[in-house]
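If you count the sequence shown from 1, position 21 lands on 21 in full-length UniProt numbering, and the numbers rise without skipping.
Cβ atoms here follow ideal geometry from the backbone N, Cα and C, with glycine treated the same way.
These numbers come from a predicted model, not from an experiment.
Here's the structure, in structure tokens; my notes come after.
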Amino acid sequence: MKSVHIEAKSGAAFELAAGESFDVIDTHGGQAVDVTVFPEADDDTSAFSSKYTYRRTGKIRFEEGDSLYTTDGEPIATLVDDDCGINDLLLAPCNEWIVDEYYGQDDEIGCRGNLQEVLEPYGIDPVRVQDVMNLFTAVTITDHRYLDFREPPSEPGDTAELRAERDAIVGVAPCTGDSILNEGGPTGIEIRVPDGVPVKTNF
């Protein structure tokens, strides 16, 4: 495995064959990380869906042993190891209007923009980048209806390992928001991918 540093407020993408794994490391602790997965480039008929995932798993949180599911109901990746233990399926990736209106960052493209930039070279239409799994992210529901954002639970060095269940294109972006989800300020992360796997970044 090789390590690649991902700068704060940026993204990375790479291809995996079925059965290959990758790691996401929260280097400094307290950093939410958006992950999305697409089938191989010549398959544009399905995509990872957070809603179909929690329909399959029956949970709004994503835990060790759970799989991410596509719109056709098939597993595309599985969380095989997880130091932190708290990950979210509810939140959409932040984009320009979210980081502007909620965090006062009018010069940022957000997690979605970073994912779109790094996935487009693999043939992923930017409009398809919609659902993510949020690693190291604590969000729950209060009074049966309100989203409750909480401080990130991850410690420095916490690692999540995911395995591709089919040939896949993976996008990873540390959350860009100056928010409680990043302990007030975003930081960089590390990823580990199999030796020989090229990683595209936008920094």
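Exposed or buried, which one is residue i when buried takes at least 16 other CB atoms within 10 Å?
i	result
residue 3	exposed
residue 173	buried
residue 15	buried
residue 141	exposed
residue 9	buried
Is residue i near residue j, with beta carbons less than 7 Å apart?
i	j	result
residue 119	residue 171	yes
residue 69	residue 53	yes
residue 136	residue 13	no
residue 66	residue 161	no
residue 132	residue 116	no
residue 158	residue 111	no
residue 202	residue 11	yes
Starting from residue i and walking both ways along the alpha helix (DSSP H), at which residues does that stretch end?
i	result
residue 9	First-last for residue 9: undefined, no H or E at that position.
residue 57	50-57
Since residue i is in the beta strand (DSSP E), which residue starts that stretch and which ends it?
i	result
residue 89	No beta strand (DSSP E) holds residue 89; DSSP gives it neither H nor E.
residue 228	Lying before the first or after the last residue shown, residue 228 is absent from the chain, which here runs from 1 to 203.
residue 34	33-39
residue 25	21-26
residue 67	67-69
residue 82	75-82
Compare the C-beta of residue i against all C-beta atoms of chain C and say whether one is closer than 7 Å.
i	result
residue 86	Looking for chain C here will not work: only one protein chain is present.
Original post:
What are the start and end residues of each continuous beta strand (DSSP E) run of 3 or more residues lying completely inside the segment 112-143, in chain order?
Top reply: You should have 133-135 and 139-142.
Original post:
Just checking, does the segment 82-91 make contact with the segment 163-170 on the three C-beta pairs under 8 Å criterion?
Top reply: Touching, no, given that fewer than three Cβ pairs across the two stretches are closer than 8 Å.
Original post:
Taking contact to mean at least 3 C-beta pairs separated by less than 8 Å, is the segment 20-33 in contact with the segment 183-193?
Top reply: Touching, yes.
Original post:
Between the segment 62-73 and the segment 149-159, do at least 3 Cβ pairs fall closer than 8 Å?
Top reply: They do not touch, by the three-pair rule.
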